[in-house]
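Colleague:
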Amino acid sequence: MQILRQVWVVAVKDLRAELRTKEAINSSLAFALVILLMFSYAFDPLADTTREMSGGLLWIVFAFAGTLVLNRSFARELPNDCLDGLIAAPVSGGALFLGKAVANFLLVLAVQLVSLPVFGVFYSVPWTKQLPELLLVMVLGTWGLTIVGTVSSALTVNIRLRELMLPMLTYPIMFPALLGAMQLTAHLVGGNPIDEEHFGWLKMMIGFDVIYTAVSLVLVETILVG
Amino acid sequence: MGNKLLIVLGVVAIALLALNHDSFTSAREEGFFYIPLAGTAAIAAVASLAASIAFLRTRNFRFDAAAVAATEVGLAFLAAAIVNGCCLTGYASGRFWSWDSGLTAALVCWLLYAAYLMLRQAVEEPTQRATFAAAWSIFAFLDMPLVVVAMNWWKPGVHIPGDWTGARVCHLVALTMIALLMATVRMRQEEARREIDSLRRSAQ
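Sequence order for the protein chains is A and B. Counted from 1, the first sequence has number 112 at position 112 by the numbering used here; the numbering is strictly sequential. Throughout, the numbering used here is defined as the position within the second sequence, counted from one, plus 1000.
(1) Quick one, which of ARG162(A), GLU52(A), GLY180(A) and PHE97(A) has its alpha-carbon nearest GLU197(A)'s?
(2) Tell me which residue opens and which closes the alpha helix (DSSP H) that PHE1033(B) is part of.
(3) Where does MET1(A) land, buried or exposed, given buried means 16+ other C-beta within 10 angstroms?
(4) Kindly indicate if chain B contains any beta-carbon less than 8 Å away from that of LEU68(A).
(5) Is ALA1174(B) near VAL1073(B), with beta carbons less than 8 Å apart?
(6) How far does the alpha helix (DSSP H) with GLU133(A) in it reach, from first residue to last?
(7) If contact is defined by three or more beta carbon pairs under 8 Å, each pair taking one atom from either stretch, is the region 65 to 77 of chain A in contact with the region 197 to 206 of chain A?
(8) Would you mind stating whether ILE1053(B) and ILE1138(B) have Cβ atoms separated by less than 8 Å?
(9) Starting from ARG162(A), trace the alpha helix (DSSP H) both ways and give me its first and last residue.
(10) Which whole runs of the alpha helix (DSSP H) in the region 1068 to 1146 of chain B are 4 residues long or more, in chain order?
(11) By how many angstroms is the C-alpha of PRO79(A) removed from the C-alpha of LYS13(A)?
(12) Terminal residues of the continuous alpha helix (DSSP H) containing TRP8(A)?
(13) Answer with buried or exposed for ALA24(A), where buried requires no fewer than 16 other C-beta atoms within 10 angstroms of its C-beta.
(14) Going along chain B, which residues have a C-beta under 7 Å from THR213(A)?
(15) Is the CB of LEU1056(B) under 8 Å away from at least one CB in chain A?
(16) Mind checking MET182(A): buried by the 16 CB within 10 Å criterion, or exposed?
(17) Counting only the same chain and skipping the five closest in sequence on each side, list residues whose C-beta sits under 8 Å from that of VAL157(A).
(18) If LEU233(A) and TRP127(A) are in contact, beta carbons under 8 Å, what's the gap, nearest whole angstrom?
(19) Please report the distance separating the alpha-carbon of GLY55(A) from that of ARG1188(B).
(20) Under 8 Å between beta-carbons, which chain A residues line up against VAL1149(B)? List them in chain order, please.
(21) Around the C-beta of GLN1121(B), are 16 or more other C-beta atoms found within 10 angstroms, so that it is buried, or is it exposed?
(22) Does the Cβ-Cβ distance between VAL10(A) and LEU131(A) come in under 8 Å?
(23) Quick one: grab the DSSP three-state call for GLY66(A).
(24) Taking 7 Å as the cut-off, is the beta-carbon of THR1104(B) closer than that to any non-hydrogen atom of the ligand FAD?
(25) Can you check which of these residues, ARG51(A), VAL220(A) and ASP209(A), is closest to GLY190(A) by C-alpha distance?
(26) Less than 8 Å between the CB atoms is what I'm expecting for VAL1147(B) and PHE105(A), so what's the real figure, rounded?
(27) Output yes if chain A places a C-beta closer than 8 Å to the C-beta of TRP1136(B); else output no.
(28) Can you tell me whether SER216(A) is helix, strand or coil according to DSSP?
(29) Give a yes or no on whether the minimum CB-CB distance between GLU1029(B) and chain A is below 8 Å.
(30) Three or more C-beta pairs closer than 8 Å, one from the region 1036 to 1054 of chain B and one from the region 1092 to 1101 of chain B: is that the case here?
(31) Do we get a CB-CB distance below 8 Å when we pair ASP1197(B) with the residues of chain A?
(32) What is the DSSP secondary structure of VAL975(B), reduced to helix, strand or coil?
(33) Rounding to the nearest angstrom, what Cα-Cα distance links GLU1029(B) and ALA1050(B) in this structure?
(34) So what's PHE43(A) in DSSP terms, helix, strand or just coil?
(35) Using the beta-carbon count (16 or more within 10 Å), is GLY141(A) buried or exposed?
(36) Using the three-state DSSP reduction, which class does SER92(A) fall into: helix, strand or coil?
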């Protein structure tokens, strides 16, 4: 219970800091809209083939916009040596990490929930047909992205080329979960329920989330404290 | 490892490859070398994981040097496997990259470990560099089975032919010996580099 409370405190602190400045979420939202618009130059946005690759497009937008939020997660703590203060605080590394991950998760999910309807309107994709399943896929995919992204954010916090390194670390690791999310999303926005063939991808995403959450919690103390 | 032992290792490896010359001549049909090459890269990944875990437990920088040596050699072998596989599909179908599930999985794994080297290069403080790299090595290793499964689901039909035969196992043994030789040389280099680095730091 104590740990849950600590996670909550860290998450609320991060959310409050972000909502006061809105530096990450605004740029992430604007970026998502720009990519959504740019895709329409690459191919005919109203063609039927666009529906087939819509899942892939949507997750590329989510992943690109998500890294903007994740980049700021630990970098925000650098001025005034806040990171040292956080590490020295009577909170375990795992609770600190989970709190940051929860805050990132909510922020990235918020960006996604805004860009999803925009995507639906721009490319005339009937995304509401299987909404509960689609939301489940989004939650699972976003949790994977935020867990891997938050660890990468912690790893790259002291690096000069932080903004460049984070995607280089996050995307290759995300590959299995991202592929699953793309396949499922394309299937779901086509109006089809999750069948046996696609259920495997769902299991893959759950497995990815569980494995990386567990390993991150084991390793985060080492990463943060050294 | 002594220099004499390394020389013996190299000679035995070359002899093993030469003894299997018969399987070379039909290499185009049988699948070149990409299977033993990829196998050697997988062994290097396991070695890198073991060295990384050992470093995190003991904080002995020898293990860090071993991890980076194994990773770099594994990357070289995996790159060779990917190029070889590309040549094979190129000969067979005229298309050098056909999103074959094995080759694409190999490429993703290559990117994972390339990120390991980039992370090492980016972190300046030696202890932090070794710790972060070791953590990343564990992350990357855990991702490999997921990547292979995902690729097989994604493109189930597309796969270049090739199984483990006696000749390939022999090639794997020979290539692993060459990899061990290269990794040992690289490990010495890394240890020397760290020593020079620490001397420079103490002089400053």
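Ideal Cβ positions, reconstructed from N, Cα and C, are used throughout, including at glycine. In this text, all values refer to a predicted model and were calculated from it rather than measured experimentally.
Modeller: Taking the definition as stated:
(1) For this step, residue 197(A) is matched to residue 197 along the first sequence. Measuring from the Cα of GLU197(A), the nearest candidate turns out to be GLY180(A).
(2) Within the second sequence, residue 1033(B) is the residue found at index 33, counting from 1. Here PHE1033(B) belongs to no alpha helix (DSSP H), and DSSP marks it neither H nor E.
(3) Counted from its first residue, the first sequence places residue 1(A) at position 1. The residue is exposed, with fewer than 16 neighbouring Cβ atoms inside 10 Å.
(4) Residue numbering aside, residue 68(A) sits at position 68 when the first sequence is read from its first letter. The beta-carbon of LEU68(A) is placed no less than 8 Å from the nearest beta-carbon of chain B.
(5) By one-based count along the second sequence, residue 1174(B) stands at place 174. By one-based count along the second sequence, residue 1073(B) stands at place 73. No, they are not a contact pair.
(6) Counting from one through the first sequence, the residue named residue 133(A) turns up at place 133. For GLU133(A), the uninterrupted alpha helix (DSSP H) segment begins and ends at 131 to 155.
(7) The region 197 to 206 of chain A makes no contact with the region 65 to 77 of chain A, as fewer than three CB pairs between them are under 8 Å.
(8) What you label residue 1053(B) is simply residue 53 of the second sequence in a count that begins at 1. What you label residue 1138(B) is simply residue 138 of the second sequence in a count that begins at 1. Taking 8 Å as the Cβ cut-off, ILE1053(B) and ILE1138(B) qualify as a contacting pair.
(9) Counting from 1 along the first sequence, the entry for residue 162(A) is found at position 162. Segment 162 to 189, the alpha helix (DSSP H) holding ARG162(A).
(10) As far as the region 1068 to 1146 of chain B is concerned, its whole alpha helix (DSSP H) runs of at least 4 residues are 1101 to 1122.
(11) For the purposes of this step, residue 13(A) is taken as the residue at position 13 of the first sequence. For the purposes of this step, residue 79(A) is taken as the residue at position 79 of the first sequence. For LYS13(A) and PRO79(A), the distance between alpha carbons rounds to 16 Å.
(12) Position 8 of the first sequence, counting from 1, holds the residue named residue 8(A). For TRP8(A), the enclosing alpha helix (DSSP H) stretches over residues 2 to 21.
(13) The residue given as residue 24(A) occupies position 24 in the first sequence. By the 10 Å Cβ count, ALA24(A) comes out buried.
(14) As a working note, residue 213(A) is residue 213 in the first sequence. The premise fails here: THR213(A) is roughly 12 Å from chain B at the closest Cβ pair, so nothing lies under 7 Å.
(15) Numbered from its first residue, the second sequence carries residue 1056(B) at position 56. Residue-level contact check: LEU1056(B) touches chain A, since one or more beta carbons of chain A fall below 8 Å from its beta carbon.
(16) Taking the first residue of the first sequence as position 1, residue 182(A) is located at position 182. The residue in question, MET182(A), is buried, as its Cβ has 16 or more Cβ neighbours within 10 Å.
(17) Locating residue 157(A) in the first sequence gives position 157, counting from the first residue. Non-local C-beta neighbours of VAL157(A) in its own chain, meaning closer than 8 Å and more than five positions away in sequence, comprise PHE74, ALA75, GLU77, LEU78 and LEU83, ordered along the chain.
(18) Any question about residue 233(A) goes unanswered here, given that chain A covers just 1 to 226.
(19) For the purposes of this step, residue 55(A) is taken as residue 55 along the first sequence, with counting starting at 1. For the purposes of this step, residue 1188(B) is taken as residue 188 along the second sequence, with counting starting at 1. If I take the Cα positions, the gap works out to 48 Å.
(20) Here residue 1149(B) corresponds to residue number 149 of the second sequence, with the count starting at 1. Residues of chain A passing the Cβ test: PRO176 and MET204.
(21) Residue mapping note: residue 1121(B) aligns to position 121 of the second sequence, counting from 1. Answer is exposed; the Cβ neighbour count stays below 16.
(22) Position 10 of the first sequence, counted from the first residue, corresponds to residue 10(A). Position 131 of the first sequence, counted from the first residue, corresponds to residue 131(A). Not a contact, by the Cβ cut-off of 8 Å.
(23) Taking the first residue of the first sequence as position 1, residue 66(A) is located at position 66. In the structure shown, GLY66(A) sits in a helix (DSSP, three-state: H, G or I).
(24) Among the components of this structure there are no ligands whatsoever, and the ligand FAD is therefore not found.
(25) In the first sequence, residue 190(A) corresponds to position 190, counting from 1. Answer by Cα proximity: ARG51(A).
(26) The count along the second sequence starts at 1 and reaches residue 1147(B) at position 147. The count along the first sequence starts at 1 and reaches residue 105(A) at position 105. Contact doesn't hold; Cβ gap of about 23 Å is too wide.
(27) For this step, residue 1136(B) is matched to residue 136 along the second sequence. Taking a beta-carbon distance threshold of 8 Å, TRP1136(B) counts as an interface residue toward chain A.
(28) Counting from 1 along the first sequence, the entry for residue 216(A) is found at position 216. Three-state result, SER216(A): helix.
(29) In the second sequence, residue 1029(B) corresponds to position 29, counting from 1. The pLDDT assigned to GLU1029(B) is 49, lower than 50, so where the model puts this residue is not dependable; a value taken from the coordinates is nonetheless given after this. Not one chain A Cβ lies under 8 Å of GLU1029(B).
(30) As far as the Cβ criterion goes, the region 1036 to 1054 of chain B does not touch the region 1092 to 1101 of chain B, which means the pair count is below three.
(31) The count along the second sequence starts at 1 and reaches residue 1197(B) at position 197. False, the Cβ-Cβ gap to chain A never drops below 8 Å.
(32) Residue coverage of chain B in this structure runs from 1001 to 1204, which leaves residue 975(B) outside it and unanswerable.
(33) Working through the second sequence from its first residue, we reach residue 1029(B) at position 29. Working through the second sequence from its first residue, we reach residue 1050(B) at position 50. With a pLDDT of 49 at GLU1029(B), under the threshold of 50, the modelled position of this residue cannot be trusted, and the question is left open.
(34) The count along the first sequence starts at 1 and reaches residue 43(A) at position 43. PHE43(A) falls in the coil class under three-state DSSP.
(35) Within the first sequence, numbered from 1, the residue matching residue 141(A) stands at position 141. Classification of GLY141(A): buried, given that the 10 Å Cβ count is 16 or more.
(36) Translated into the one-based positions of the first sequence, residue 92(A) becomes position 92. Residue state, collapsed to three classes: coil.
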